[in-house]
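Novice: In order, the protein sequence lines correspond to chains D and C.
The numbers in my numbering rise by one with no breaks, and the one at position 224 of the first sequence is 1009.
The numbers in my numbering rise by one with no breaks, and the one at position 209 of the second sequence is 1408.
We put the CB at the ideal spot given by N, CA and C, even for glycine.
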Amino acid sequence: MSILKKIWKFISSMRFAILLLAVLALACSVGSMVTQGQSFAWYAQRYSERTAALILALHLDDAFHSWWFLLISAFLCINLLLCNILRLPQLILQYKSETSPASVLSGKGDISSNGISDPEAVFRHLRMPAPTSCRTDDGRNAFFSVKNPVGIWGAWICHLGILLLIAGFTLGQTTQQQFTVYGVPGQTCPIGDTGLLLTFDAFDVALRPDDTVEQYTASFTVRSTEDGSSRSASASVNHPASLYGMKFYQNSVGWAETVTVTQDGQFLQQQILCTGETLPVENKPDLIIDFTAFYPDLVMEAGSMPRTATGSLNNPATLYTVYYQDQILGMNILMPEEELTIDEYTVTFSDPQMYSLIQIKRDVFTPLAFAGGLIIMLGLFCSFYLQTEKLWAVEVSPGCWTVSGCSRKGGVLFREKFLREVS
Amino acid sequence: MMLQLENTLFIITMLLYFASMILYFVFIVAKKDLIPKIAILLQLAGFVLHTAALICRGIGAGRLPLTNQYEFATSFAWGLCLVSLIFIFRFRFPVLGAFSAPIIFLIIGYASMQSKEVRELMPALRSNWLGFHVSTAIIAYGSFGVSFVLSVIFLLREKIQSGAFLDRHIPQREKLDLISYRSVSLGLLFLTFTIVTGAIWAEQAWGAYWSWDPKETWSLITWIVYAIYLHLRIRRGWQGRSAAIFAAIGFVCVMFTYIGVNTFLPGIHSYA
Chain D
786 MSILKKIWKF
796 ISSMRFAILL
806 LAVLALACSV
816 GSMVTQGQSF
826 AWYAQRYSER
836 TAALILALHL
846 DDAFHSWWFL
856 LISAFLCINL
866 LLCNILRLPQ
876 LILQYKSETS
886 PASVLSGKGD
896 ISSNGISDPE
906 AVFRHLRMPA
916 PTSCRTDDGR
926 NAFFSVKNPV
936 GIWGAWICHL
946 GILLLIAGFT
956 LGQTTQQQFT
966 VYGVPGQTCP
976 IGDTGLLLTF
986 DAFDVALRPD
996 DTVEQYTASF
1006 TVRSTEDGSS
1016 RSASASVNHP
1026 ASLYGMKFYQ
1036 NSVGWAETVT
1046 VTQDGQFLQQ
1056 QILCTGETLP
1066 VENKPDLIID
1076 FTAFYPDLVM
1086 EAGSMPRTAT
1096 GSLNNPATLY
1106 TVYYQDQILG
1116 MNILMPEEEL
1126 TIDEYTVTFS
1136 DPQMYSLIQI
1146 KRDVFTPLAF
1156 AGGLIIMLGL
1166 FCSFYLQTEK
1176 LWAVEVSPGC
1186 WTVSGCSRKG
1196 GVLFREKFLR
1206 EVS
Chain C
1200 MMLQLENTLF
1210 IITMLLYFAS
1220 MILYFVFIVA
1230 KKDLIPKIAI
1240 LLQLAGFVLH
1250 TAALICRGIG
1260 AGRLPLTNQY
1270 EFATSFAWGL
1280 CLVSLIFIFR
1290 FRFPVLGAFS
1300 APIIFLIIGY
1310 ASMQSKEVRE
1320 LMPALRSNWL
1330 GFHVSTAIIA
1340 YGSFGVSFVL
1350 SVIFLLREKI
1360 QSGAFLDRHI
1370 PQREKLDLIS
1380 YRSVSLGLLF
1390 LTFTIVTGAI
1400 WAEQAWGAYW
1410 SWDPKETWSL
1420 ITWIVYAIYL
1430 HLRIRRGWQG
1440 RSAAIFAAIG
1450 FVCVMFTYIG
1460 VNTFLPGIHS
1470 YA
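#1: Between glutamine 1035/D and the rest of its own chain, which residues show a CB-CB distance below 6 Å, the 5 nearest in sequence each way excluded?
#2: Taking CB distances under 8 Å as the criterion, tell me whether asparagine 1023/D reaches chain C.
#3: Are the segment 1141-1155 of chain D and the segment 942-962 of chain D in contact at 8 Å, needing three or more beta carbon pairs?
#4: List the residues of chain D that isoleucine 1399/C touches, going by C-beta distances under 9 Å, in chain order.
#5: Looking at glycine 1259/C: is its Cβ nearer than 8 Å to the Cβ of glutamate 1205/C?
#6: Once you ignore the five residues that flank leucine 1202/C on each side, which residues in its own chain have a CB closer than 6 Å to its CB?
#7: Can you pull the chain D residues whose beta carbon is under 7 Å from the beta carbon of serine 1326/C, in chain order?
#8: Name the residues in the segment 1424-1435 of chain C whose C-beta lies less than 8 Å from a C-beta of chain D; which are they?
#9: Hey, does alanine 1471/C have any beta-carbon neighbour from chain D nearer than 8 Å?
#10: Could you run through the segment 1401-1412 of chain C and flag, in chain order, every residue whose CB is less than 9 Å away from some CB of chain D?
#11: Between leucine 1388/C and alanine 1443/C, how many whole angstroms is the CB-CB distance? I'm expecting something under 8 Å.
#12: For the segment 1358-1367 of chain C against the segment 1298-1318 of chain C, do three or more pairs of beta-carbon atoms, one drawn from each stretch, fall closer than 8 Å, so that the two count as touching?
#13: So is glutamate 1373/C in contact with chain D if we call contact Cβ pairs under 8 Å?
#14: Would DSSP call isoleucine 857/D helix, strand or coil?
#15: On the CB-based measure, 16 or more other CB atoms within 10 Å of its CB, does aspartate 1065/D come out buried or exposed?
#16: According to a CB-to-CB cut-off of less than 8 Å, which residues of the segment 990-1024 of chain D neighbour chain C?
#17: Reducing DSSP to helix, strand and coil, say where aspartate 986/D ends up.
#18: Would the beta-carbon of serine 898/D fall within 8 Å of that of valine 1207/D?
#19: Considering only C-alpha positions, which residue in the set Ile863/D, Ile942/D and Leu911/D is nearest to leucine 1210/D?
#20: Give me the chain D residues within the contact set of phenylalanine 1392/C, using Cβ-Cβ distance strictly less than 8 Å, ordered along the chain.
#21: Going by DSSP in three states, glutamine 830/D sits in which element: helix, strand or coil?
#22: With a 10 Å radius around its C-beta and 16 neighbouring C-beta atoms as the bar for buried, classify valine 1383/C as buried or exposed.
#23: In whole angstroms, what is the alpha-carbon distance linking leucine 1125/D and valine 1132/D?
#24: Just to confirm, is the Cβ distance from glycine 822/D to phenylalanine 849/D under 8 Å?
#25: Say whether the segment 1439-1453 of chain C touches the segment 1052-1069 of chain D, bearing in mind that this needs 3 or more beta-carbon pairs closer than 8 Å, one atom from each stretch.
#26: For phenylalanine 1392/C, I'd like the list of residues in its chain whose CB is within less than 6 Å of its CB, leaving aside the five on either flank, ordered along the chain.
#27: Tell me whether leucine 911/D sits in a helix, a strand or coil according to DSSP, three-state version.
#28: So for glycine 968/D, helix, strand or coil by DSSP?
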C-alpha cells in the first residue's frame, strides 16, 4: 500500500476520529482552565512570568480561536466528511439488503428456535411489523419482518448534523456582524457602519415588591440614513427584537447621570455620562472627569468597599475620579446635594437614571447551526432507539417452523426477549 | 406553607433513601432474597415523596425548582433515582439499587447542605427554555450516574468469584455491558437535548448560542468523552472492561461539569 493510501485510510478511519475527539476534549479542558483573553501582565501576576510567556506562545489565552484548535476542528470535519462519503454507498446497499427476503433468510440469526407451531404469534409478541410471505431458495414457505431498518442511518445522520453545526458555527463566526450601543431615552447612537441609527425611546425596569428586577425592557426606533425609513420595537431579556435583518438584544444595564460643569459660576457644558465614561472639560481638555461608579442605595461599612444594598434610588451616591494630565487628582464619593470643586470649575452629577445596553447581531448562519443540532438529536435517536431487528420463520415440515432473529445492537437483551416470547 | 411541607417531605425522602440504602447493604451481606423487594419499595416510596417535595417547592416558589445549587442537586438525585428505578424494573436488576442508593443519598445529602432559600429569578432565567434545558440535564446526569454504577458493578463482577447468589442477582458481564451502553445512550441523547436547548436559550437571552463558557465547554467535553465511549465500543476488544472504565471516566466529567465548574471555573452559568 502506498504511503498516500495509508494516509488516506488513516484520515478517514475511526481510530483517527477517536484520537481527534480525545485531543479536542483535552484542548477544550485546557481552554476552560486558562482564563481567556487576558494580557501578559495579568497572567504573570496570577501565575509567573515564565508561565505567562508560555500561555501567550501557545495561544492558550485565546485557545478556542488558536491555529491548533482550528486545525483539530478542521481535521475532525475532514474525518467526518470522509467517513460519511465513504459509508454512504455501503449504507444504501445495506439498507436495501435489510429489507430484501433473500438477504434476510440467508442471514445468520443471533438466535433460533425450532418446532414452533404458531410463528406469527412470536412476531406479534416481539412487536414486529406485519410479516411478509416469501419462499426460501429450496421452495419452503417462509415469512419475515424487519423492524426499524432506518436505524442503520443513525450514526450517519448524527455525523451530518455535526458537520452542519460546525459549518454553521464557523461561517457565523467569520461573517456575522455584531455591534453594541447604549444610552438613555432620547439618545441616538449609530449602529456601526450599517447606516442605521438607533434612538432610545424608553427604558423600563420592572421591579418586584422586594425590589428585585423582574424584567428590563428597552423601546427604541431604528432609522435608516439611506432611505429614511424607520421602525420601532421593544427588546427585553429573553425576547430580542428583529429589525432590518438584525436581532436586537437587551443585553445589559447600568447607571447614567447628567454631568454639568460650570466655570466661575457660568455654565460651561453638560452631558449625560454612563458609568465608566469620561468627560474632558471643554476649555481645559487635560482635566478629565471620570464617572467611575454609581451606588443607588449606598452602604458604607468600616473596612470594606462601598456597595449598594438594593437597586432602588434610596441613598444614591456617585463615585468619581478626576484626572489632570493623566495623573489622578482625586477620587471620592458625592452625595446628590454635593458639588465637586476643582479650582474655578464646579461639577455636579444629577438626574440618575438607568441606561440600556443593546447588543445587535446579524448572523444568517445561526439557523444552519441549530439545524445541525436538531439533526444530531435525530441521528442519536435513530441510532439508539430505532435499533434494527429482523425476524424470520421457515417451515421445516408441515405446521412446524423454525423462527430466527437478529438485532444490530440488542445482543443478549434481544436473545433473552426472544427466548421469553418463544417460551 | 408549601415550603414547610417541602422541607418535611425532603427530610422523609432522605430517611427513606437512607433506609433503602441500608437494606440494600443488608441484602448484599445477608443474601436474603426478600430484602431487595422491601428496599426497592422504600426507594420507590422515597421517590414518590421526593417528587411531591419538588412539586411543593415549585408551587411555593411559583416557578420550576431548577435554578440554584439546592434545587439542581435535589433534582439530580431525583433524576438518578428515576433512571435507576426504570433500569431496575426494565432489566429486573435489583442489585443496581444497592449501588445507586449510596450515590443518590450522597447527592441528596449534598443538596441538604445547600441554602434552601427561595429567590426570585433574574430576568435571564425567566424563560420557558429553563424547564427543557435543566430537566433534560437532570435525566442526562441521572443516566450517566446509572452507567457509572453499572460500570462499577461490571468491574466488581470481574473480581468476585461466581456463585449461585451472584449469578441469580447480577447479570453476566455481556448483559451488564449492554445495559451500561443503554444507559449511556439515554444520557447522551438527553445531554444533546440539554446542549441544544441551552444554545437556543442562550441565543435568545445573551445573543450568542455558544460562548465557550466553562459550563458549556465542560458539557461539550462530557459529550465528547461519551462519544469516544460509543466509538470505542464498536472497536474489537474495547467492549467490556475498557468500556466500563471509560464510562466511569465519563461520570467524573459529569461531576466536574456539575460541581467542579461551579466551584473552580466561574462563568456566565455562575448562578447554576
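Specialist: Based on what the coordinates show:
#1: Tyr1001, Ala1003, Ala1020, Ser1021 and Val1022
#2: Chain C, which has a Cβ nearer than 8 Å to the Cβ of asparagine 1023/D, makes this yes.
#3: Counting C-beta pairs with one atom in each stretch, the segment 1141-1155 of chain D and the segment 942-962 of chain D have three or more that are closer than 8 Å, which means they touch.
#4: Correct list: Phe1155 and Gly1158.
#5: In this structure, the beta-carbon distance from glycine 1259/C to glutamate 1205/C falls below 8 Å.
#6: Excluding positions up to five away in sequence, the list reads Gly1259.
#7: Asn1023
#8: Val1424, Ala1426, Ile1427, His1430, Leu1431, Ile1433 and Arg1434
#9: With a pLDDT of 48 at alanine 1471/C, under the threshold of 50, the predicted position of this residue should be treated as unreliable, and no value is reported.
#10: The residues in question are Glu1402, Gln1403, Ala1404, Trp1405, Gly1406, Ala1407, Tyr1408, Trp1409, Trp1411 and Asp1412.
#11: Going by Cβ atoms, the distance from leucine 1388/C to alanine 1443/C rounds to 20 Å, so no, they are not a contact pair.
#12: Counting Cβ pairs under 8 Å, fewer than three are found: no touch.
#13: Yes, its Cβ sits closer than 8 Å to a Cβ of chain D.
#14: Helix, per DSSP.
#15: One detail in the question is off: residue 1065/D reads as proline in this sequence, not aspartate. Burial call: exposed.
#16: Arg993, Asp995, Thr997, Val998, Glu999, Gln1000, Tyr1001, Ser1021, Val1022, Asn1023 and His1024
#17: strand
#18: yes
#19: Because residue 1210/D is not part of the residues shown, which for chain D are 786 to 1208, the question remains open.
#20: Scanning chain D for C-beta atoms nearer than 8 Å to the C-beta of phenylalanine 1392/C yields Met1162, reported in chain order.
#21: Note: glutamine 830/D maps to helix in three-state DSSP.
#22: Under this definition valine 1383/C is a buried residue.
#23: 5 Å
#24: No, they are not a contact pair.
#25: no
#26: Thr1335
#27: Correct three-state label for leucine 911/D: coil.
#28: strand
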